[in-house]
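Asker: Submitted below is the structure of interest, expressed as structure tokens.
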Amino acid sequence: MDKWLNRIFIALVLIGMAVSIYMTVYKLTDNSSMCLGSGDCSVVNASQYSEVNGIPVAVIGLAGYGAILVLLWLERRGGYFDENGPLLIFGLSLTGFLFNIYLIYVELFLIKAFCPFCITSQVAMTLIFILSIIRLVRQP
Numbered sequence: 001m002d003k004w005l006n007r008i009f010i011a012l013v014l015i016g017m018a019v020s021i022y023m024t025v026y027k028l029t030d031n032s033s034m035c036l037g038s039g040d041c042s043v044v045n046a047s048q049y050s051e052v053n054g055i056p057v058a059v060i061g062l063a064g065y066g067a068i069l070v071l072l073w074l075e076r077r078g079g080y081f082d083e084n085g086p087l088l089i090f091g092l093s094l095t096g097f098l099f100n101i102y103l104i105y106v107e108l109f110l111i112k113a114f115c116p117f118c119i120t121s122q123v124a125m126t127l128i129f130i131l132s133i134i135r136l137v138r139q140p
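Using the numbering used here, the letters of the sequence shown map in sequence onto residues 1 to 140.
This is the structure we're talking about:
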């Protein structure tokens, strides 16, 4: 994989992880001073859609970003992950992208509130998904 593409990929994953950690802390502490902007973070964070079976959405995002980061690291070690890593990362990023579409729908039409941190994570995952397609196409 191109060095610049790899660096951008890692930077986006780290941004996504940072936002997910921040939002996990916010969800667990319910510290409203952590909400920036219009206060819509509080609305989104307190909604019934902020958890899946009791697990905060931010924790699910953190796990997804973490899995992608681990796969990027394993690709460098050769063998199975070097050969299949791009496809595995594409699968994870596709799942994350589709989940983001659902979350955007929830924010737009059900909650009618926009969290800037959620949007940052959604943009990061969308770009990761696009880059994963590029990586998959470029794979020999």
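A virtual CB, placed ideally from N, CA and C, is assigned to each residue, including glycine. In this text, all values refer to a predicted model and were calculated from it rather than measured experimentally.
Based on Cα-Cα distance, which residue from I55, I68, N31 and V44 lies nearest to M17?
Answerer: Minimum Cα distance to M17 is reached at I68.
Asker: List the endpoints of the continuous alpha helix (DSSP H) containing I128.
Answerer: It spans P116 to R138 - the alpha helix (DSSP H) in which I128 sits, taken as one unbroken run.
Asker: How is the alpha helix (DSSP H) around L69 delimited, first residue to last?
Answerer: Segment V57 to E75, the alpha helix (DSSP H) holding L69.
Asker: If we call anything under 8 Å between Cβ atoms a contact, is L5 one with L131?
Answerer: In this structure, L131 lies closer than 8 Å to L5 by Cβ.
Asker: By Cβ distance, which residues of its chain are closer than 6 Å to C115, with the 5 residues on each side in sequence left out?
Answerer: Contacts found: D40, C41 and V44.
Asker: Which same chain residues end up closer than 6 Å to F9 when comparing Cβ atoms and leaving out the 5 residues on each side of it in sequence?
Answerer: Within the same chain, F9 has close Cβ partners L131.
Asker: Check whether the stretch 118-128 and the stretch 74-83 are in contact - that is, three or more C-beta pairs closer than 8 Å.
Answerer: No contact exists between the stretch 118-128 and the stretch 74-83.
Asker: Return the bridge partner residues of V52 from the DSSP annotation.
Answerer: Beta-bridge pairing links V52 to I55.
Asker: Please report how far the alpha carbon of K112 lies from the alpha carbon of T29, in whole angstroms.
Answerer: For K112 and T29, the distance between alpha carbons rounds to 23 Å.
Asker: Helix, strand or coil: how does DSSP classify A11 here?
Answerer: Reduced to three states, the DSSP call for A11 is helix.
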